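> Have a look at this one before I ask anything.
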Amino acid sequence: MADQVQVGAPPADKVVVVPDVPLAEKPPVAAAAAKEPPPVPESEEEPVKQKQVEDAEALETKISDAVANGDDEEKVPQSGHYKEESTRVADLLENEKKAVEELKVLVREALNKHEFGGFAMPQQQQQRQPKDDSAKEEPKPKVEAVTETVAETKEESIAQAETGDDEEKVATATVRSDAVEDDGAKTVEAIEDTIVSVSASLQPEQPPEAASKEPSDAKPNVEGKDAETVSNKVLPQEVSIWGIPLLADERSDVILLKFLRARDFKVKEAFTMLQNTIRWRKEFGIDELVEQDFGNDLEKVVFMHGFDKEGHPVCYNVYGEFQNKELYQKTFSDEEKRQNFLRWRIQFLEKSIRKLDFSPGGICTIVQINDLKNSPGLTKWELRQATKQALQLLQDNYPEFVARQVFINVPWWYLAVNKMISPFLTQRTRSKFVFAGPSKSAENLFRYIAAEQVPVRYGGLSKDGEFGNTDAVTEITVKPAAKHTVEFPVTEACLLTWEVRVVGWEVNYGAEFVPSGEDSYTIIIQKSKKVGCSEGEVVCDNFKVGEPGKVVLTIHNPTSKKKKLLYRLKTMPASA
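So the sequence shown is numbered by the UniProt record's numbering: it starts at 1 and just counts up by one.
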């Protein structure tokens, strides 16, 4: 709730003079704003004990009862402070650097042994067409099948004997083959040896001179063995995650750091998590999932918009959209639809992550804004189940991708939910959370995100129109029962355009042009009037200036609460 101030005599008017505005466009406020928006709550916690699970289930039952009874609203908790760690290995502590190197050794061994899924393959076979996974190894033929093979061998042997003088040898082969037929207990290997011996006996004997001769280009046996060894050498497995090949370059170190931090730099646990994540991605079909089309029904539920003051892309999760019964039924009415929602959510996150910068020192995390206004709450069983399943997948397979979790328009019942999930979270994760009630939501967003990057619906000035996200916004706090004046000096003829907004409004707004000349008179651009909270979120005005002077905006706050004033302006030459 906003600060309460005893209303007395209004303080003296305060005037802010804006320096003369050049005709050129303003430069971008940050290089990060030029990027494409790259998103979803995720954390990386240890598995909980059984007792915690039982306590949470009991608390969840109490919360559901409270929701049905409609208890009074409680105070929103204050957020913790969190500073994002460096992604440069050189900035780590010595024990952390050692952990990174140990994890890289384990990953290298796993790649050499093809332990991240798939199978080892000799180099010469890897160069051929990939083997069909569906093809199965055929079982060894039984005795009956081998009998047919022996019969065919007999016929071939007799045919060869007719062309030569080896009738006696063929007869011997026939006797051996018949013996194999009569004795069904002989193994396949014994039969193969019989056939090989027959074939060898049918070959004509070479003269000693021919046997002693060798081709001029024949290589020694040692070299042949070496060549065979080289050709059968197994190449290391190539594995990529979020578009980054493991151990290929320094970006891989940033990926490994995420898994290490998710497991408090316990190398074996981090390696196991990495293995499980790679296995899950293959089973879930992530690469194919990214290319699927799920339509645009949920584009208002989760979306990326702008960047925070540190350059992190911002993802908005608007749970109130599920108040739409048609959308809710279409998304959660049965298990198939809930699975489809889960796949859509994972796809959205994957696309957002692949736009991040994984180079050391780059931005590789996301700010999550969770709007709980009109949220269906805990009474919606289907939504709870889908949310739990999604959260579990994100915890297990997307470590360290959240820079900060901001919850806005927090209702009373969410405090109980927060108490329920807090035991499952580490102190480090809890420090990333920020909570704000309806009256403090915009104020808390402006702590982390500039007003020009915040959507209009959440108190900012970011929208389609004359101004863009790179046009800086000035923020002023108007005291209770006070008047605030903003002046825009103009020295030459031009077209002056401005946007102004007071969060929550309920103030009087007016604008006028005051010429510099002594004989000139003031021109009323906008007569002072009261602007209610439901009357237009942003006021956009312009005035064509034909002589030197100044445009004066007046904001009168008659309420007992502080008000946040936002404004920005630009000029264009009169000729344009």
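By construction, the Cβ of each residue, glycine as well, lies at the ideal position given by its N, Cα and C atoms.
Nothing here was measured: the structure is a model prediction, and the numbers come from that model.
Does the separation of the CB atoms of Ser-575 and Glu-547 fall below 8 Å?
Reading the sequence shown from its first residue, position 575 is the one you call residue 575. Reading the sequence shown from its first residue, position 547 is the one you call residue 547. For Ser-575 and Glu-547, no; Cβs fall outside 8 Å.
> The alpha helix (DSSP H) spanning Phe-284 covers which residue range?
Numbered from 1 along the sequence shown, position 284 holds the residue referred to as residue 284. 267-284 is the extent of the alpha helix (DSSP H) around Phe-284.
> Check this for me: beta carbons of Glu-452 and Val-434, under 8 Å apart or not?
Along the sequence shown, one-based indexing puts residue 452 at 452. Along the sequence shown, one-based indexing puts residue 434 at 434. For Glu-452 and Val-434, no; Cβs fall outside 8 Å.
> For Val-514, does the count of other Cβ atoms within 10 angstroms reach 16, so buried, or fall short, so exposed?
Here residue 514 refers to the residue found at position 514 of the sequence shown. So Val-514 counts as exposed.
> In the DSSP output, what is Leu-569 paired with across the bridge?
The residue labelled residue 569 in the question sits at position 569 within the sequence shown. In the DSSP output, where bridge partners are listed per residue, Leu-569 has Trp-498.
> Grouping DSSP H, G and I as helix and E and B as strand, with all else coil, what is Phe-401?
Numbered from 1 along the sequence shown, position 401 holds the residue referred to as residue 401. If DSSP states are grouped into helix, strand and coil, Phe-401 belongs with coil.
> Does DSSP classify Lys-562 as helix, strand or coil?
Taking the sequence shown and counting its residues from 1, one reaches residue 562 at position 562. Coil at Lys-562, not helix or strand.
> Between Leu-372 and Pro-411, is the Cβ-Cβ spacing less than 8 Å?
Taking the sequence shown and counting its residues from 1, one reaches residue 372 at position 372. Taking the sequence shown and counting its residues from 1, one reaches residue 411 at position 411. Yes.
> Can you check the stretch 312-336 for any alpha helix (DSSP H) of at least 4 residues that lies completely inside it and give the ranges in chain order?
List check, alpha helix (DSSP H) in window: 325-332.
> With DSSP run on the structure shown, which of helix, strand or coil describes Gly-377?
For the purposes of this step, residue 377 is taken as the residue at position 377 of the sequence shown. It is helical.
> Closest to Leu-92 by C-alpha separation, out of Lys-570, Leu-257, Lys-104, would be which residue?
Position 92 of the sequence shown, counted from the start, is the residue given in the question as residue 92. Of the candidates Lys-570, Leu-257, Lys-104, the one whose C-alpha sits nearest the C-alpha of Leu-92 is Leu-257.
> Could you tell me how far apart the beta carbons of Ala-403 and Val-454 are, in whole angstroms, since I believe they sit closer than 8 Å?
Within the sequence shown, the letter at position 403 stands for residue 403. Within the sequence shown, the letter at position 454 stands for residue 454. That belief does not hold up - the Cβ atoms of Ala-403 and Val-454 are roughly 16 Å apart, past 8 Å.
> In this structure, what does DSSP give as the bridge partners for Ile-476?
Here residue 476 is taken as the residue at index 476 of the sequence shown, counted from 1. Per DSSP, Leu-565.
> Cα-Cα, which of Gln-392, Val-417, Val-301 is closest to Thr-379?
Taking the first residue of the sequence shown as position 1, residue 379 is located at position 379. Answer by Cα proximity: Val-417.
> State the CB to CB distance for the pair Asp-253 and Pro-360, rounded to an integer number of angstroms; the pair is presumed to be in contact (CB under 8 Å).
Mapped onto the sequence shown, residue 253 falls at position 253. Mapped onto the sequence shown, residue 360 falls at position 360. Their Cβ separation, rounded to whole angstroms, is 7 Å, which keeps Asp-253 and Pro-360 in contact under 8 Å.
> Can you list, in chain order, the residues of its chain whose CB lies under 6 Å from that of Ile-476, leaving out five sequence neighbours each side?
Within the sequence shown, numbered from 1, the residue matching residue 476 stands at position 476. Closer than 6 Å at the Cβ level, and outside the excluded window around Ile-476, lie Leu-565.
> Measure how close the beta-carbons of Gln-347 and Leu-289 come, nearest whole angstrom, since I'm counting them as under 8 Å.
One-based indexing of the sequence shown puts residue 347 at position 347. One-based indexing of the sequence shown puts residue 289 at position 289. That belief holds up - the Cβ atoms of Gln-347 and Leu-289 are roughly 5 Å apart, short of 8 Å.
> Cβ of Leu-106 versus every heavy atom of the ligand FAD: is any distance shorter than 7 Å?
Of ligands this structure carries none, so the ligand FAD is not represented either.
> Quick one: is Trp-505 buried, meaning 16 or more other Cβ sit within 10 Å of its Cβ, or exposed?
To locate residue 505, count along the sequence shown from 1; it is residue 505. By the neighbour-count rule (16 or more Cβ atoms within 10 Å), Trp-505 is buried.
> Using a Cβ-Cβ cut-off of 8 Å, state whether Ile-449 counts as contacting chain C.
Here there is only one protein chain, and chain C is not present.
> Suppose you measure from the CA of Gly-437 to the CA of Tyr-458; what does that come to, to the nearest Å?
Position 437 of the sequence shown, counting from 1, holds the residue named residue 437. Position 458 of the sequence shown, counting from 1, holds the residue named residue 458. Approximately 13 Å, taken between the alpha carbons.
> Bridge partners for Phe-446 per DSSP, in chain order?
Counted from its first residue, the sequence shown places residue 446 at position 446. Answer is none; Phe-446 lacks a bridge partner.
> When burial is assigned at 16 or more other CB atoms within 10 Å of the CB, is Val-105 buried or exposed?
Counting from 1 along the sequence shown, the entry for residue 105 is found at position 105. Label assigned to Val-105: exposed.
> State buried or exposed for Ile-255, treating a residue as buried only when at least 16 other CB atoms are found within 10 Å of its CB.
Here residue 255 is taken as the residue at index 255 of the sequence shown, counted from 1. Buried, by the Cβ-count rule.
> Apart from the five residues on each side of it in sequence, which residues of its chain come closer than 7 Å, Cβ to Cβ, to Gly-532?
Locating residue 532 in the sequence shown gives position 532, counting from the first residue. Closer than 7 Å at Cβ, skipping near neighbours: Trp-505, Glu-506.
> According to the Cβ coordinates, are Phe-401 and Thr-365 closer than 8 Å?
Residue 401 sits at position 401 when you count from the first residue of the sequence shown. Residue 365 sits at position 365 when you count from the first residue of the sequence shown. Contact: yes.
> I need the DSSP call for Asp-293, collapsed to helix, strand or coil.
Residue numbering aside, residue 293 sits at position 293 when the sequence shown is read from its first letter. Note: Asp-293 maps to coil in three-state DSSP.
> Since Asp-253 is in the alpha helix (DSSP H), which residue starts that stretch and which ends it?
Taking the first residue of the sequence shown as 1, we reach residue 253 at position 253. Element bounds for Asp-253: 251-262.
> Express the C-alpha separation of Asn-508 and His-529 in angstroms, rounding to a whole number.
Your numbering for residue 529 matches position 529 in the sequence shown. Your numbering for residue 508 matches position 508 in the sequence shown. The residue asked about is misnamed: residue 529 is Lys in this sequence, not His. Going from the Cα of Lys-529 to the Cα of Asn-508 covers about 5 Å.
> Which stretch, first to last residue, makes up the beta strand (DSSP E) that contains Lys-483?
Position 483 of the sequence shown, counted from the start, is the residue given in the question as residue 483. Its beta strand (DSSP E) spans residues 482-490.
> With burial defined as no fewer than 16 other Cβ atoms inside 10 Å of the residue's Cβ, what is the status of Ala-145: buried or exposed?
Numbered from 1 along the sequence shown, position 145 holds the residue referred to as residue 145. Only weak support exists for where Ala-145 lies, its pLDDT of 41 falling under 50; the coordinates are left without a value.
> Identify the continuous alpha helix (DSSP H) that holds Asn-112 and give its terminal residues.
To locate residue 112, count along the sequence shown from 1; it is residue 112. Here the alpha helix (DSSP H) through Asn-112 covers 94-112.
> I need the straight-line Cα distance from Pro-558 to His-484, nearest angstrom please.
One-based indexing of the sequence shown puts residue 558 at position 558. One-based indexing of the sequence shown puts residue 484 at position 484. Roughly 11 Å between the two C-alpha positions.
> Under DSSP, the alpha helix (DSSP H) around Val-417 begins and ends at which residues?
Position 417 of the sequence shown, counting from 1, holds the residue named residue 417. Segment 413-421, the alpha helix (DSSP H) holding Val-417.
> Less than 7 Å between C-beta atoms, sequence neighbours within five positions excluded: which residues of the same chain meet that for Gly-320?
Taking the sequence shown and counting its residues from 1, the one referred to as residue 320 is at position 320. Same-chain partners within the cutoff: Asp-371, Lys-373, Asn-374, Ser-375.
> Just how far apart, CA to CA, sit Met-304 and Lys-550?
Here residue 304 refers to the residue found at position 304 of the sequence shown. Here residue 550 refers to the residue found at position 550 of the sequence shown. Answer to the nearest angstrom: the Cα atoms are 39 Å apart.
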